[in-house]
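Colleague: So the mapping is simple: our numbering equals the position in the sequence shown, first residue as 1, plus 32. Note that CB positions come from ideal geometry on N, CA and C, so glycine has one too. Here it is: the structure, laid out below.
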Amino acid sequence: MRLWFVHSEEVSLQDQIVTQISLGILTQELAPGERLPSVRELARRFKLHPNTVSLAYRRLDAEGWVEARRGSGVYVRTPDAGRSVQAVPGEWLDRQIASLVESAKALGVDAGELRDRFLRTLDARPASRLVLVEADADLARIVVQEVREGIGIAVEVWDSVSGREVKDARLLAMPSKVEGLRAQGFAVQAVRVRGVADSLAAFVPFPRTALVGVVSGWPRFLELARTMLVSAGFDADALVLRDARSLTALDSLQGFDAVVCDVVTARTLPKGVRVICFQLLADEGLDELSQLSAGAA
């Protein structure tokens, strides 16, 4: 994974490390179990103070992104058992089936009834709708709009699955939410997001001193975009952040050399503004959703 760092009073190097590595894990540029560069190696490669790298790694560990193994190094956290299905699908499936059979026997269910019910489940109609489980309404709007514009598919949004009937729904979630939902026993498909390098491609090459507006109704978008642009070499003083939910946020955008925004905000910007629309979802992720929707039709 490629990293960018710039010394800036506006965005600390520690924040730049944490943001880029956490995004790399979310986008699967950094795989579970992958060893990160040592503190000394990362500090030497990018001319950073070792204490800065060490503190960033501690934050990532505390937030659950990585794990420090004594005497070995720092590694991307390996998924828990609930998330390890893809690694050993046959073994996991055998365990689940064995557990089901034992539970059925304990309840007095005979083999014939168990077989009949299992076959009916397999022959049942596939999910008829795609549902994004996301409590952050601003983020959900962006994901839904990208899917609609990218592949023409409608996606419902639930803020949670509590008390919901999910038998006809294919559940989707952002990568950081998947583990929690699977731990509750729900089958969830992770929505794939763009890698860091792909995200910055739209800005390079670009005059580093250009006046750039960063506009979105999703607060986290503003934080991430600012950190990544500063890491890529933009002057922090030349970045102006505006909350698209404010009635005055979209005024006077004509004075910017470019406006970085999400797909929802892009539809609200006045004509004549140079728009650089940041795509949250990876193209591969949209392809996966297209295939899922074919099965859900």
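Assuming Ser86 contacts Val71 under a Cβ cut-off of 8 Å, what Cβ separation, rounded to an integer in Å, is found between them?
Modeller: In the sequence shown, residue 86 corresponds to position 54, counting from 1. In the sequence shown, residue 71 corresponds to position 39, counting from 1. So it is a contact: roughly 5 Å between Cβ atoms.
Colleague: Please name the residue, chosen from Ser322, Leu312 and Leu324, that lies closest to Leu171 on a Cα-to-Cα basis.
Modeller: Translated into the one-based positions of the sequence shown, residue 171 becomes position 139. Comparing Cα-Cα distances from Leu171 to each of Ser322, Leu312 and Leu324, the minimum goes to Leu312.
Colleague: Who are the Cβ neighbours of Ala257 in its own chain at under 7 Å, not counting the five residues just before and after it?
Modeller: Taking the sequence shown and counting its residues from 1, one reaches residue 257 at position 225. Excluding positions up to five away in sequence, the list reads Val246, Val292 and Phe310.
Colleague: Along the chain, where does the beta strand (DSSP E) containing Leu204 start, and where does it finish?
Modeller: Sequence index remark: in the sequence shown, residue 204 carries index 172 (1-based). That run of the beta strand (DSSP E) goes Ala201 to Ala205.
Colleague: How close, in whole Å, do the beta carbons of Ala75 and His81 come, if the pair is a contact with beta carbons under 8 Å?
Modeller: Indexing the sequence shown from 1 puts residue 75 at position 43. Indexing the sequence shown from 1 puts residue 81 at position 49. That pair is a contact at about 7 Å.
Colleague: DSSP beta-bridge partners for Ser330?
Modeller: Residue 330 lies beyond the range of the chain shown here (33 to 329); nothing can be said about it.
Colleague: Out of Ala138, Gly182, Ala94 and Ser192, point me to the one whose CA is closest to Asp168's CA.
Modeller: Counting from 1 along the sequence shown, the entry for residue 168 is found at position 136. Checking every option, the nearest Cα to that of Asp168 belongs to Ser192.
Colleague: Going by C-alpha to C-alpha distance, which of Asp315, Val272 and Ile49 sits closest to Phe78?
Modeller: Taking the sequence shown and counting its residues from 1, one reaches residue 78 at position 46. Of Asp315, Val272 and Ile49, the residue nearest in Cα terms is Ile49.
Colleague: Taking Arg90 as the reference, which of Gln60, Asp47 and Leu58 has the closest Cα?
Modeller: In the sequence shown, counting from the first residue as 1, residue 90 sits at position 58. Considering only alpha carbons, the answer is Asp47.
Colleague: So, under 8 Å CB-CB, Val223 and Met33 are touching, yes? Tell me the CB distance rounded to an integer number of Å.
Modeller: The residue given as residue 223 occupies position 191 in the sequence shown. The residue given as residue 33 occupies position 1 in the sequence shown. At roughly 20 Å, the Cβ-Cβ gap does not stay under 8 Å, so Val223 and Met33 are not in contact.
Colleague: Can you grab the Cα-Cα spacing for the pair Arg102 / Pro69, in whole Å?
Modeller: As a working mapping, residue 102 is identified with position 70 in the sequence shown. As a working mapping, residue 69 is identified with position 37 in the sequence shown. Going by the C-alpha atoms only, they are around 15 Å apart.
Colleague: So Ala165 and Ala205 are supposed to be a Cβ contact under 8 Å. How far apart are they, rounded?
Modeller: Here residue 165 refers to the residue found at position 133 of the sequence shown. Here residue 205 refers to the residue found at position 173 of the sequence shown. Note on residue identity: the sequence assigns Val, not Ala, to residue 165. The Cβ separation is near 5 Å, so the contact holds.
Colleague: Helix, strand or coil, according to DSSP, for Leu162 in the structure here?
Modeller: Along the sequence shown, read from residue 1 onward, the residue named residue 162 stands at position 130. In the structure shown, Leu162 sits in a strand (DSSP, three-state: E or B).
Colleague: Quick one: what does DSSP say Ile308 is sitting in, helix, strand or coil?
Modeller: Residue numbering aside, residue 308 sits at position 276 when the sequence shown is read from its first letter. Three-state DSSP puts Ile308 in a strand.
Colleague: To the nearest angstrom, report how far apart Ser40 and Gln52 are at their CA atoms.
Modeller: Your numbering for residue 40 matches position 8 in the sequence shown. Your numbering for residue 52 matches position 20 in the sequence shown. Approximately 16 Å, taken between the alpha carbons.
Colleague: Kindly indicate which residue of Gln323, Leu35 and Glu42 has the alpha-carbon position closest to the one of Ile185.
Modeller: For the purposes of this step, residue 185 is taken as the residue at position 153 of the sequence shown. Taking only the C-alpha atoms, the option nearest Ile185 is Gln323.
Colleague: Assuming Leu271 contacts Leu285 under a Cβ cut-off of 8 Å, what Cβ separation, rounded to an integer in Å, is found between them?
Modeller: Working through the sequence shown from its first residue, we reach residue 271 at position 239. Working through the sequence shown from its first residue, we reach residue 285 at position 253. Not a contact, Cβ separation roughly 14 Å.
Colleague: Which residue marks the beginning of the beta strand (DSSP E) containing Ala186, and which one marks its end?
Modeller: Counting from one through the sequence shown, the residue named residue 186 turns up at place 154. Segment: none, Ala186 is in no beta strand (DSSP E) and carries neither H nor E.
Colleague: Unbroken alpha helix (DSSP H) runs of length 4 or more, entirely within the stretch 44-89: which are they?
Modeller: Counting whole runs of 4 or more residues, the stretch 44-89 contains the alpha helix (DSSP H) stretches 45-58 and 71-78.
Colleague: Report, in whole angstroms, the separation of the C-beta atoms of Asp289 and Val244, which I expect to be a contact under 8 Å.
Modeller: Within the sequence shown, numbered from 1, the residue matching residue 289 stands at position 257. Within the sequence shown, numbered from 1, the residue matching residue 244 stands at position 212. That pair is a contact at about 6 Å.
Colleague: Using 10 angstroms around the beta-carbon of Ala129, count the other beta-carbons present and answer buried if the total reaches 16, otherwise exposed.
Modeller: Within the sequence shown, residue 129 is the residue found at index 97, counting from 1. According to the sequence as given, residue 129 is Ile; it is not Ala. Ile129 is exposed by the Cβ-count criterion.
Colleague: My output table needs one value for Arg173: the three-state DSSP class, helix, strand or coil.
Modeller: If you number the sequence shown from 1, residue 173 lands on position 141. DSSP places Arg173 in helix when its eight states are reduced to three.
Colleague: Do Leu162 and Val187 have their CB atoms nearer than 9 Å?
Modeller: Within the sequence shown, the letter at position 130 stands for residue 162. Within the sequence shown, the letter at position 155 stands for residue 187. Going by C-beta atoms, Leu162 is nearer than 9 Å to Val187.
Colleague: Exposed or buried, Ser278, counting other C-beta atoms within 10 Å across all chains shown (16 or more means buried)?
Modeller: Position 246 of the sequence shown holds residue 278. Exposed: under 16 other Cβ atoms inside 10 Å.
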